Amino acid sequence: MPGFNTRAIHVGSEPDPSSNAVIPPISLSTTFKQDKVGVHKGYEYSRSQNPSRAGLENTLAALEAGGKYALAFASGSAATATIIQSLGPNAHIVSVNDVYGGTFRYMDKVAREVQGLQTTFVDFENASDEEIIGSLKENTKLIWIESPTNPTLRVIDIPRIARLVRTHSPSSTPPLVLVDNTFPSPFFSSPLLLGADIVSHSLTKYINGHSDSVSGALIFPAHHSALFERLKYLQNAIGAVPSAFDSWLVQRGAKTLGVRMKQHGKNALAVARALEKSPYVKEVIYPGLPSHPGHRLAWGLLSPHAKKWILEEGYDGEEGEFPFSGMVTFRIGGDEDSAERFLEKTELFTLAESLGGVESLAELPAKMTHGSIPPAERAQLGIGLDLVRLSVGIEEWEDLVEDVEQALEWAVNGHRYMPR
Ligand SMILES: Cc1ncc(COP(=O)(O)O)c(C=O)c1O
Numbered sequence: 001m002p003g004f005n006t007r008a009i010h011v012g013s014e015p016d017p018s019s020n021a022v023i024p025p026i027s028l029s030t031t032f033k034q035d036k037v038g039v040h041k042g043y044e045y046s047r048s049q050n051p052s053r054a055g056l057e058n059t060l061a062a063l064e065a066g067g068k069y070a071l072a073f074a075s076g077s078a079a080t081a082t083i084i085q086s087l088g089p090n091a092h093i094v095s096v097n098d099v100y101g102g103t104f105r106y107m108d109k110v111a112r113e114v115q116g117l118q119t120t121f122v123d124f125e126n127a128s129d130e131e132i133i134g135s136l137k138e139n140t141k142l143i144w145i146e147s148p149t150n151p152t153l154r155v156i157d158i159p160r161i162a163r164l165v166r167t168h169s170p171s172s173t174p175p176l177v178l179v180d181n182t183f184p185s186p187f188f189s190s191p192l193l194l195g196a197d198i199v200s201h202s203l204t205k206y207i208n209g210h211s212d213s214v215s216g217a218l219i220f221p222a223h224h225s226a227l228f229e230r231l232k233y234l235q236n237a238i239g240a241v242p243s244a245f246d247s248w249l250v251q252r253g254a255k256t257l258g259v260r261m262k263q264h265g266k267n268a269l270a271v272a273r274a275l276e277k278s279p280y281v282k283e284v285i286y287p288g289l290p291s292h293p294g295h296r297l298a299w300g301l302l303s304p305h306a307k308k309w310i311l312e313e314g315y316d317g318e319e320g321e322f323p324f325s326g327m328v329t330f331r332i333g334g335d336e337d338s339a340e341r342f343l344e345k346t347e348l349f350t351l352a353e354s355l356g357g358v359e360s361l362a363e364l365p366a367k368m369t370h371g372s373i374p375p376a377e378r379a380q381l382g383i384g385l386d387l388v389r390l391s392v393g394i395e396e397w398e399d400l401v402e403d404v405e406q407a408l409e410w411a412v413n414g415h416r417y418m419p420r
């Protein structure tokens, strides 16, 4: 099989046969001519099928190792809502407790009200086998995993969870295992090779990578063709599809995913290292640092292509530090306003929600991305007012380190940092 970047650039983006244009055009037509009733080229109406979306879906299925089919949605949240809706009434989900705030909201507020969904949130990082098995019910239809989690970057042992729920389900139909692979992207993690049945993405993040499109996806392995067909039916019936322009933009972004992820990883590691040395920081959370409790597990679960690249780059791998996606979280020292002062003082890190774009962003999860999680649960998850989340971009690493250091100096020590 061709390598990661080769697939990203060529699959789904073949030259357009009508003109030989190397880059396929954006297919804006909402409807398609039929030669006779029911005789057409696979496209009838753009909500159901669209050439730009089909191209993107082919790219996504090729990028996610172990993937065969993909469906693109109008947002990551639309993909989440569609898969949860597909479970029907009175289903039960077991979800990682440190889940994206919007996913928590959909499960706990929307689906609970409209389809009687029950959700059990489990600390998959620390739970014993018995606790995980004990969370399964006759009506458990889906297991929801994010790894690393958002925002505390805990690494989840995906193969362990998949094995446990398959072998100990009280139902004759074991639950499906879904992994939201947004944070590591298909470059650093390949959950379908680790036992997942479905991968979901907010394409808004790394896969598009340029912070100019909101979209999402579900990706399935070859043995789940029936599941794919059912979700495709719902994708059309519900209609939360991305526009042709968004599909084209995301496909263009996806071509450079591998190149960008390598730089995101190297830069994030440089920033994490600098934070670890800073007297103004209480804790740095980055799975590529040996100080991270899930460091060995993160190494063991890396995608084959990321591991190959990391070793070629000369990192020590299992024993030492290595690049692992572009997200870094840390607890700032000082008083309870230090984090907000830090966020006002960074110059290259823009204070904004979202992540995964070429530009660096910083935010305060407790008041921004995770504001919809009730305060007691936030406290339990360690999402306090001192927790800062960085999405490290692909600018020059020296500039990013200097920016973080000057803002820390200002926020905690209270005076302007003078670079030497
Ligand atoms: C891990 C994760 N999953 C899903 C989503 C939802 O994606 P979207 O904003 O594209 O709806 C987000 C958004 O931040 C996310 O961080």
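Per the UniProt record's numbering, residue 1 is the first one in the sequence shown, and the count goes up by one each step. Every residue, glycine too, gets a C-beta built ideally from N, C-alpha and C. Quick caveat, the model's predicted, so the values are computed rather than measured.
Is residue i helix, strand or coil when you go by DSSP?
i: residue 69; result: strand
i: residue 368; result: coil
i: residue 180; result: strand
i: residue 403; result: helix
i: residue 139; result: coil
i: residue 1; result: coil
i: residue 187; result: helix
i: residue 398; result: helix
i: residue 334; result: coil
i: residue 164; result: helix
i: residue 339; result: helix
i: residue 229; result: helix
i: residue 247; result: helix
i: residue 41; result: coil
i: residue 262; result: helix
i: residue 345; result: helix
i: residue 252; result: helix
i: residue 52; result: helix
i: residue 353; result: coil
i: residue 499; result: Only positions 1 to 420 of the chain appear in this structure, which leaves residue 499 out of reach.
i: residue 196; result: coil
i: residue 240; result: coil
i: residue 363; result: strand
i: residue 63; result: helix
i: residue 6; result: helix
i: residue 210; result: coil
i: residue 381; result: helix
i: residue 21; result: coil
i: residue 146; result: strand
i: residue 218; result: strand
i: residue 205; result: coil
i: residue 412; result: helix
For my contact list, residue i and residue j are in at a C-beta cut-off of 8 Å; report their separation, rounded to the angstrom.
i: residue 242; j: residue 215; result: 4 Å
i: residue 151; j: residue 389; result: 4 Å
i: residue 328; j: residue 408; result: 13 Å between Cβ atoms; not a contact.
i: residue 421; j: residue 333; result: It is not possible to answer for residue 421, since the shown part of the chain is limited to 1 through 420.
i: residue 275; j: residue 404; result: 7 Å
i: residue 294; j: residue 154; result: 6 Å
i: residue 32; j: residue 258; result: No, residue 32 and residue 258 are not in contact; Cβ-Cβ is about 34 Å, not under 8 Å.
i: residue 255; j: residue 8; result: 5 Å
i: residue 370; j: residue 101; result: 4 Å
Determine, using beta carbons only, whether residue i and residue j come nearer to each other than 8 Å.
i: residue 183; j: residue 159; result: no
i: residue 122; j: residue 90; result: no
i: residue 382; j: residue 324; result: no
i: residue 296; j: residue 318; result: yes
i: residue 14; j: residue 219; result: no
i: residue 306; j: residue 397; result: no
i: residue 261; j: residue 202; result: no
i: residue 18; j: residue 29; result: no
i: residue 192; j: residue 300; result: no
i: residue 54; j: residue 11; result: no
i: residue 124; j: residue 84; result: no
i: residue 105; j: residue 372; result: yes
i: residue 391; j: residue 326; result: yes
i: residue 132; j: residue 161; result: yes
i: residue 400; j: residue 339; result: no
i: residue 48; j: residue 230; result: no
i: residue 365; j: residue 343; result: no
i: residue 119; j: residue 129; result: no
Examine chain B for any beta-carbon lying closer than 8 Å to the beta-carbon of residue i, and answer yes or no.
i: residue 101; result: The structure shown contains no chain B; it is built from a single protein chain.
Notebook entry, point to check: Does the segment 237-252 come close enough to the segment 21-31 that 3 or more CB-CB pairs lie under 8 Å?
Noted result: Below 8 Å, enough C-beta pairs join the segment 21-31 and the segment 237-252 to call them touching: three or more.
task = Jot down the residue ranges of each uninterrupted alpha helix (DSSP H) in the segment 69-133, minimum 4 residues, whole runs only, in chain order.
result = Those alpha helix (DSSP H) runs which fall completely within the segment 69-133 and span 4+ residues are 76-85, 101-105, 112-115.
Extract the residue ranges of the beta strand (DSSP E) inside the segment 270-330, only unbroken runs of 3 or more that lie entirely within it. Segments of the beta strand (DSSP E) lying fully in the segment 270-330: 281-285.
Q) Quick one: any contact between the segment 125-145 and the segment 92-110, if contact means 3 or more CB pairs under 8 Å? A) Contact between the segment 125-145 and the segment 92-110 is established, with three or more Cβ pairs separated by less than 8 Å.
Indicate whether the contact test is met: 3 or more Cβ pairs, each with one atom in the segment 356-363 and one in the segment 298-315, closer than 8 Å. No, because fewer than three Cβ pairs between the segment 356-363 and the segment 298-315 fall closer than 8 Å, the two stretches do not touch.
**Study point:** Given 8 Å, three or more beta-carbon pairs between the segment 219-235 and the segment 64-75
**Key:** Counting Cβ pairs under 8 Å, three or more are found: they touch.
| task | Check whether the segment 124-140 touches the segment 165-175, counting contact only when three or more Cβ pairs, one atom from each stretch, lie closer than 8 Å. | result | Here the segment 124-140 makes contact with the segment 165-175; the two share three or more CB pairs at distances below 8 Å.
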